[in-house]
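Going down the list, the sequences are from chains W and V. To get my numbering, take the position in the first sequence, counting from 1, and add 15. To get my numbering, take the position in the second sequence, counting from 1, and add 15. Here is the structure we will look at.
Protein chains: 2
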Amino acid sequence: MLTRHEVLAARERTVSVLADAGIVLTDEERTAIEVADFGLSRLEEIGLEVVVYVNTDRVCAKELILFPRQTCPEHRHPAHGDLSGKEETFRCRRGVVYLYTEGEPTPSPACRAPGDDPSAFTVWHEIVLRPGDQHTIAPNTLHWFQAGDEGAVVSEFSTTSTDELDVFTDPRIGRATVVRDE
Amino acid sequence: MLTRHEVLAARERTVSVLADAGIVLTDEERTAIEVADFGLSRLEEIGLEVVVYVNTDRVCAKELILFPRQTCPEHRHPAHGDLSGKEETFRCRRGVVYLYTEGEPTPSPACRAPGDDPSAFTVWHEIVLRPGDQHTIAPNTLHWFQAGDEGAVVSEFSTTSTDELDVFTDPRIGRATVVRDE
């Protein structure tokens, strides 16, 4: 849960990060920036800021903004009925992002599990993305990611986003951010 | 047909435009920039520079670079067998791009048909895209676009690209650029 003030402050910060990266938003996009705390109420540590450019029944493109050391928690995108699981490509634009996926665990990873439950982070194969680097994540593959000390801007190119169908490792997580008035 | 020198010069110019827009490429991407003259050998007038970030069997993302007043000629993306036609979203990042699609012709369009055959440009519904503006083009819809006087950088988010299956209005057009040694 976030207060309205926290949401507005995070949006303002996101606009500033994107402006520094030379990314232009419309007024409408600025006021629609999604601030996700994943229901854990520790936005600075576990959270994500999202600009959705387009999300049709075939294609989705977003800008993901992570504040310094902010983490998007572990999840996967399974198939649902006729809908194949989401395939997504992350392209780093600014900063550094540490992406963790299924595969051989990296011996000395650059990140530690954030929050109060390290068991909610089970995959430790590290992929380091610097500006210009990208990685494609196959459907239904567990992954999570954390920004470096300077934060990060990451472009996401994917099939249709159905965030509400994502499966998070931490059972406490709710994808929709609940906002209270103060 | 382009000379190798023309291709290399256009690539260098594209790298510079992207750098000014704050868009970071890897060395590999820089040397793979596609310079398309559509077989018409008048690149400055009818041509397109392309960076393909990703093109899987579900999703494609590119950066399109247009030099001042450069035009991508009229074409459409039809279905082929089981493959639905390509759906694409153009998002303007820098400069101005004038996009022409099917629909009510705009009375005083900002652009004139380039090249030597105006009959190769048949749709005149004008959509003006400035930085932050975007438009989604449905499959099999005729469209062409021209940059304003400062050139343009346009992000394209789409379903799979199969450029060789595009249908151009000008029957002389070949999508693959032929490069001769000098």
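Virtual Cβ for every residue (Gly too), placed ideally from N, Cα, C.
Exercise for the section: Scan the segment 112-130 of chain V for residues whose Cβ lies nearer than 9 angstroms to a Cβ of chain W and list them as they occur along the chain. Expected result: none
Handout entry: Selection from Asp131/V, Leu114/V, Arg108/V and Val169/V that minimises the alpha carbon distance to Leu143/V
Key = Translated into the one-based positions of the second sequence, residue 143/V becomes position 128. As written in the sequence, residue 143/V is Val, which differs from the Leu given in the question. The shortest C-alpha separation from Val143/V is found at Leu114/V.
Handout entry: Ala153/V versus Gly130/W - alpha carbon distance
Key = Position 138 of the second sequence, counting from 1, holds the residue named residue 153/V. Position 115 of the first sequence, counting from 1, holds the residue named residue 130/W. When rounded, the distance between both Cα atoms is 44 angstroms.
Problem - Which listed residue (Glu44/V, Asp52/V, Val67/V and Arg45/V) has its alpha carbon closest to that of Ser170/V - result: As a position in the second sequence, residue 170/V is number 155, starting the count at 1. When each option's Cα is compared against that of Ser170/V, the closest is Val67/V.
Handout entry: Spatially closest choice to Leu79/W from Glu43/W, Ala25/W, Asp42/W and Glu119/W, by CA coordinates
Key = In the first sequence, the residue the question calls residue 79/W occupies position 64. Selected option, being the one with the closest Cα: Ala25/W.
Exercise for the section: Please report the residue range of the alpha helix (DSSP H) in which Ala167/V lies. Expected result: Counting from 1 along the second sequence, the entry for residue 167/V is found at position 152. Unbroken run through Ala167/V is the beta strand (DSSP E), His158 to Ser173; no alpha helix (DSSP H).
Practice task
Answer with yes or no whether the minimum CB distance from Gly37/W to chain V is below 9 angstroms.
Solution key: Translated into positions along the first sequence, residue 37/W becomes position 22. Judged by the 9 angstroms Cβ criterion, Gly37/W is in contact with chain V.
Problem - Gln149/V - partner residues in DSSP beta bridges - result: As a first step, residue 149/V must be located in the second sequence, where it is residue number 134. Beta-bridge pairing links Gln149/V to Arg106/V.
Handout entry: Close beta carbons around Asp148/V, own chain, < 6 angstroms, minus the five adjacent residues each side
Key = Within the second sequence, the letter at position 133 stands for residue 148/V. Result list for Asp148/V: Cys107, in chain order.
Handout entry: Own chain residues within Cβ distance below 7 angstroms of Glu44/W, not counting five before or after
Key = Taking the first sequence and counting its residues from 1, one reaches residue 44/W at position 29. Here the set comprises Val66.
Exercise for the section: Put Thr29/V into one of helix, strand or coil per three-state DSSP. Expected result: Translated into positions along the second sequence, residue 29/V becomes position 14. Three-state result, Thr29/V: helix.
Exercise for the section: Could you name the residues of the same chain whose beta carbon sits closer than 8 angstroms to that of Thr137/W, not counting the 5 residues immediately before and after it, in chain order? Expected result: Residue numbering aside, residue 137/W sits at position 122 when the first sequence is read from its first letter. Closer than 8 angstroms at the Cβ level, and outside the excluded window around Thr137/W, lie Glu89, Leu157 and Thr184.
Handout entry: Residue span of the beta strand (DSSP E) that contains Glu59/W, given as start and end
Key = One-based indexing of the first sequence puts residue 59/W at position 44. Per DSSP, Glu59/W belongs to no beta strand (DSSP E) and is neither H nor E.
Handout entry: Nonlocal neighbours in the same chain, by C-beta distance under 6 angstroms from Val94/V, ignoring five residues either side
Key = Residue 94/V sits at position 79 when you count from the first residue of the second sequence. For the sequence presented, residue 94/V should be read as Ala rather than Val. Cβ neighbours of Ala94/V beyond the five flanking positions: Gly100.
Exercise for the section: With a threshold of 16 other CB atoms inside 10 Å of the CB of Thr18/W, please say whether the residue is buried or exposed. Expected result: Along the first sequence, read from residue 1 onward, the residue named residue 18/W stands at position 3. Flag for Thr18/W reads exposed.
Handout entry: Neighbourhood of Phe160/V by C-beta distance below 6 angstroms, restricted to the same chain and skipping five residues each side
Key = In the second sequence, counting from the first residue as 1, residue 160/V sits at position 145. Answer for Phe160/V: Cys87, Val112 and Leu114, listed in chain order.
Handout entry: Where Ser173/W falls, given that 16 or more other Cβ within 10 Å makes a residue buried
Key = As a working mapping, residue 173/W is identified with position 158 in the first sequence. Under this definition Ser173/W is a buried residue.
Handout entry: Opening and closing residue of the beta strand (DSSP E) in which Glu89/W lies
Key = Counted from its first residue, the first sequence places residue 89/W at position 74. Residues Thr86 to Arg91.
Practice task
Could you confirm whether any beta carbon from chain V is found closer than 9 angstroms to the beta carbon of Val74/W?
Solution key: Residue mapping note: residue 74/W aligns to position 59 of the first sequence, counting from 1. Answer yes: the Cβ-Cβ gap between Val74/W and chain V drops below 9 angstroms somewhere.
Exercise for the section: Could you name the residues of chain W that Pro146/V contacts, counting a contact when the two beta carbons are closer than 7 angstroms? Expected result: By one-based count along the second sequence, residue 146/V stands at place 131. Correct list: Val39.
Handout entry: Close Cβ partners of Val32/W (< 7 angstroms) along its chain, the five nearest in sequence each way excluded
Key = The sequence position of residue 32/W within the first sequence is 17, counting from 1. Contacts found: Ile80, Gly166 and Val168.
Handout entry: Glu64/V and Ala51/V closer than 9 angstroms at C-beta
Key = Position 49 of the second sequence, counted from the first residue, corresponds to residue 64/V. Position 36 of the second sequence, counted from the first residue, corresponds to residue 51/V. Yes, the Cβ-Cβ distance between Glu64/V and Ala51/V is below 9 angstroms.
Practice task
Using a Cβ-Cβ cut-off of less than 8 angstroms, give me the residues of the segment 49-60 of chain V that come near chain W, in sequence order.
Solution key: none
Exercise for the section: Note down, in chain order, all residues in the segment 82-93 of chain V with a beta-carbon under 8 angstroms from any beta-carbon belonging to chain W. Expected result: none
Handout entry: Arg45/V - DSSP class collapsed to helix/strand/coil
Key = Along the second sequence, one-based indexing puts residue 45/V at 30. Reduced to three states, the DSSP call for Arg45/V is helix.
Practice task
Under 6 angstroms Cβ to Cβ from Gln85/W, same chain only, skipping five residues before and after it: list those, please.
Solution key: By 1-based counting over the first sequence, the position of residue 85/W is 70. Cβ neighbours of Gln85/W beyond the five flanking positions: Gly62 and Ala162.
Problem - Beta-carbon proximity of Asp178/W to Arg91/W, cut-off 9 angstroms - result: Counting from 1 along the first sequence, the entry for residue 178/W is found at position 163. Counting from 1 along the first sequence, the entry for residue 91/W is found at position 76. For Asp178/W and Arg91/W, no; Cβs fall outside 9 angstroms.
Handout entry: Val169/W at chain V interface by Cβ criterion, 9 angstroms
Key = Taking the first residue of the first sequence as position 1, residue 169/W is located at position 154. It does not: the Cβ of Val169/W has no partner Cβ on chain V nearer than 9 angstroms.
Problem - Strand pairing of Ala51/W, partner residues [DSSP] - result: Residue numbering aside, residue 51/W sits at position 36 when the first sequence is read from its first letter. Paired residue(s): Leu63/W.
Problem - Residue from Asp164/W, His150/W and Asp97/W with nearest C-alpha to Arg127/W - result: Counted from its first residue, the first sequence places residue 127/W at position 112. When only C-alpha atoms are compared, the closest one is Asp164/W.
Problem - Beta-carbon gap between Gly54/W and Thr192/W smaller than 9 angstroms - result: Within the first sequence, numbered from 1, the residue matching residue 54/W stands at position 39. Within the first sequence, numbered from 1, the residue matching residue 192/W stands at position 177. Yes; because the gap between Cβ atoms is below 9 angstroms, this pair is in contact.
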